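Asks: Take a look at the following structure, please.
Protein chains: 4
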Amino acid sequence: MDIKKINYKIEQFSIQRDWNKYHSPKNIVMALTGEVGELNEIFQWLTEEQSNNLPSGTKQHAKEEVADIAIYLLKLCTKLDIDLEEAIIEKMKKNEEKYPIDKVKGSFKKYTDI
Amino acid sequence: MDIKKINYKIEQFSIQRDWNKYHSPKNIVMALTGEVGELNEIFQWLTEEQSNNLPSGTKQHAKEEVADIAIYLLKLCTKLDIDLEEAIIEKMKKNEEKYPIDKVKGSFKKYTDI
Amino acid sequence: MDIKKINYKIEQFSIQRDWNKYHSPKNIVMALTGEVGELNEIFQWLTEEQSNNLPSGTKQHAKEEVADIAIYLLKLCTKLDIDLEEAIIEKMKKNEEKYPIDKVKGSFKKYTDI
Amino acid sequence: MDIKKINYKIEQFSIQRDWNKYHSPKNIVMALTGEVGELNEIFQWLTEEQSNNLPSGTKQHAKEEVADIAIYLLKLCTKLDIDLEEAIIEKMKKNEEKYPIDKVKGSFKKYTDI
Chain R
1048 MDIKKINYKI EQFSIQRDWN KYHSPKNIVM ALTGEVGELN EIFQWLTEEQ
1098 SNNLPSGTKQ HAKEEVADIA IYLLKLCTKL DIDLEEAIIE KMKKNEEKYP
1148 IDKVKGSFKK YTDI
Chain Z
1048 MDIKKINYKI EQFSIQRDWN KYHSPKNIVM ALTGEVGELN EIFQWLTEEQ
1098 SNNLPSGTKQ HAKEEVADIA IYLLKLCTKL DIDLEEAIIE KMKKNEEKYP
1148 IDKVKGSFKK YTDI
Chain G
1048 MDIKKINYKI EQFSIQRDWN KYHSPKNIVM ALTGEVGELN EIFQWLTEEQ
1098 SNNLPSGTKQ HAKEEVADIA IYLLKLCTKL DIDLEEAIIE KMKKNEEKYP
1148 IDKVKGSFKK YTDI
Chain B
1048 MDIKKINYKI EQFSIQRDWN KYHSPKNIVM ALTGEVGELN EIFQWLTEEQ
1098 SNNLPSGTKQ HAKEEVADIA IYLLKLCTKL DIDLEEAIIE KMKKNEEKYP
1148 IDKVKGSFKK YTDI
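Chains as they are written, first to last, in my numbering: chain R, 1048 to 1161; chain Z, 1048 to 1161; chain G, 1048 to 1161; chain B, 1048 to 1161.
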């Protein structure tokens, strides 16, 4: 993914509309939350199985909400000066240490209670 | 960002722990929501100005929550067969059409009411 | 439910700790969101059926999160001068008009698409 | 607040539409989250000060979202057999013990880090 190009587009979008003044990290977190709410609305009445087999219209809707979430997440990273790729790599490493394979494998109880 | 490599890591993490059975799109949306809740907890009592100047410990905490959100978002894209980069590009284009510069520039009212 | 008594307790709790200064409606919405995130974490990996039959420890945990959400919701109503009972009654009436029984009964499609 | 009467109305609403089959606790939590997302959308670009002085149209909008959240919260309590008043009282007591006045008064740092 060409994060640099996407971040440039996201920044230009706000600059051209003079909207950066609204985009404090606090506000972006709320906007991100709003989009996550919309994603929940898509899945709220679906069974898990249905959520694995979305009709094309619903999938398109989900795709748009996922994009909105990603856009605000990238914007938040820009504002907070977070390198998202680095953040993910570091967190994955931390998760691997927190959930050792031999202790949690397949176990629902351990998955939640460890 | 090397999405392919990151997605591979995320998949391996779940496969090794036999956790994919819990990862229906519906469930992932809830897990994503949980992480967004934790991000809100970081910013809830901060002023907008403070949110622009996080102490290093708080920034590190935010970085980890942002990573968790990104990890679940990428996992959701894998499960729903969504190309995240494509999704973002398409949504940015749609947003540009929805919010024409000359109609919304700098205007808070129009920003929310258009 | 003795809302008046509960609201008094909630107010006293904040006043005694000098925390009202943090409790702008905007901030309370974020705090409410944090608690809703925690509620999601309880249910995220459960099947719908499991969610109908919580073990007692999990139920107690859910009870506490539900209480946290209610406390912030009541606090928000106080701050915004909203009569919650009136708000609910009015919204129920609006929902009844929005979803006429003969048009939506039992229909999942209509439930979401109407 | 006449919780019994409100709960009766909420139940009747679902029964008449044959919607209870969608209302597993897990699903209700997602629906609640969707409404909380909408509440966030109202406040996301407002300053804290503006959130304290909502124009009447915005206040009406907030009132409706607050009602939606309360309705799903009450429904969740019914499904999980939680007495909301009892839950709130117990949680307030727990909070009072967790945040002793003499240790946290007025202190933002202690408020978040205790």
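Glycine included, C-beta positions come from ideal geometry on N, C-alpha and C.
Every value quoted in this text rests on a predicted model; they were computed, and no experiment measured them.
Using 10 angstroms around the beta-carbon of residue 1111 (chain G), count the other beta-carbons present and answer buried if the total reaches 16, otherwise exposed.
Replies: So residue 1111 (chain G) ends up on the buried side.
Asks: For chain R, is any of its Cβ atoms less than 9 Å away from the one on residue 1145 (chain Z)?
Replies: Residue 1145 (chain Z) does not count as touching chain R.
Asks: Answer yes or no: does any C-beta atom of chain Z fall closer than 9 Å to that of residue 1090 (chain G)?
Replies: By this cut-off, residue 1090 (chain G) is an interface position.
Asks: Using 9 Å as the limit for Cβ to Cβ distance, is residue 1125 (chain Z) near chain R?
Replies: Output row for residue 1125 (chain Z): interface = no.
Asks: As a quick exercise: from G:1082, G:1149 and G:1137, pick the residue whose alpha carbon is nearest that of residue 1053 (chain B).
Replies: Among G:1082, G:1149 and G:1137, the Cα nearest to that of residue 1053 (chain B) belongs to G:1137.
Asks: Is residue 1055 (chain Z) buried or exposed, if buried means 16 or more other CB atoms sit within 10 Å of its CB?
Replies: So residue 1055 (chain Z) counts as exposed.
Asks: Output, in chain order, the set of chain B residues within a Cβ distance shorter than 9 Å of residue 1095 (chain Z).
Replies: 1094 and 1095, listed in chain order.
Asks: Please report whether the beta-carbon of residue 1141 (chain Z) lies at a distance below 9 Å from any beta-carbon of chain G.
Replies: Cβ-Cβ to chain G under 9 Å: no for residue 1141 (chain Z).
Asks: Taking the Cβ atom as the reference point for each residue, do residue 1058 (chain B) and residue 1125 (chain B) lie within a distance shorter than 9 Å?
Replies: The answer is yes: Cβ separation under 9 Å.
Asks: Please report whether the beta-carbon of residue 1138 (chain Z) lies at a distance below 9 Å from any beta-carbon of chain D.
Replies: Here the protein chains are R, Z, G and B, and chain D is not one of them.
Asks: Specify whether the region 1081-1097 of chain G and the region 1114-1121 of chain G touch according to this definition: at least 3 beta carbon pairs, one from each stretch, less than 8 Å apart.
Replies: Yes, since at least three Cβ pairs between the region 1081-1097 of chain G and the region 1114-1121 of chain G fall closer than 8 Å, the two stretches touch.
Asks: Would you give the residue range spanned by the alpha helix (DSSP H) that residue 1065 (chain G) belongs to?
Replies: Looking at the DSSP string, residue 1065 (chain G) is not in any alpha helix (DSSP H), and its letter there is neither H nor E.
Asks: Go ahead and label residue 1089 (chain G) buried or exposed: buried means 16 or more other beta carbons lie within 10 angstroms of its beta carbon, across all protein chains shown.
Replies: Residue 1089 (chain G) comes out buried.
Asks: Using a Cβ-Cβ cutoff of 7 Å, what residues of the region 1068-1089 of chain R are near chain G? List them in chain order.
Replies: Answer in chain order: 1077 and 1080.
Asks: Which ranges does the alpha helix (DSSP H) cover as unbroken runs of at least 4 residues, wholly within the region 1073-1099 of chain R, from first to last along the chain?
Replies: You should have 1095-1098.
Asks: List the endpoints of the continuous alpha helix (DSSP H) containing residue 1139 (chain B).
Replies: Here the alpha helix (DSSP H) through residue 1139 (chain B) covers 1131-1145.
Asks: On the criterion of 16 or more Cβ atoms from any shown chain inside 10 Å, does residue 1100 (chain G) qualify as buried, or is it exposed?
Replies: Burial call: exposed.
Asks: Cα separation between residue 1129 (chain B) and residue 1061 (chain R)?
Replies: The alpha-carbon atoms of residue 1129 (chain B) and residue 1061 (chain R) are separated by roughly 46 Å.
Asks: For residue 1115 (chain Z), which three-state DSSP category applies?
Replies: Residue 1115 (chain Z): helix per DSSP, three-state reduction.
Asks: Beta-carbon within less than 7 Å of residue 1078 (chain G)'s beta-carbon, same chain only, minus the 5 sequence neighbours each way: which residues are those?
Replies: Closer than 7 Å at the Cβ level, and outside the excluded window around residue 1078 (chain G), lie 1119.
Asks: For the region 1142-1154 of chain Z and the region 1067-1074 of chain Z, state whether three or more C-beta atom pairs, one from each stretch, are separated by less than 8 Å.
Replies: Touching, no.
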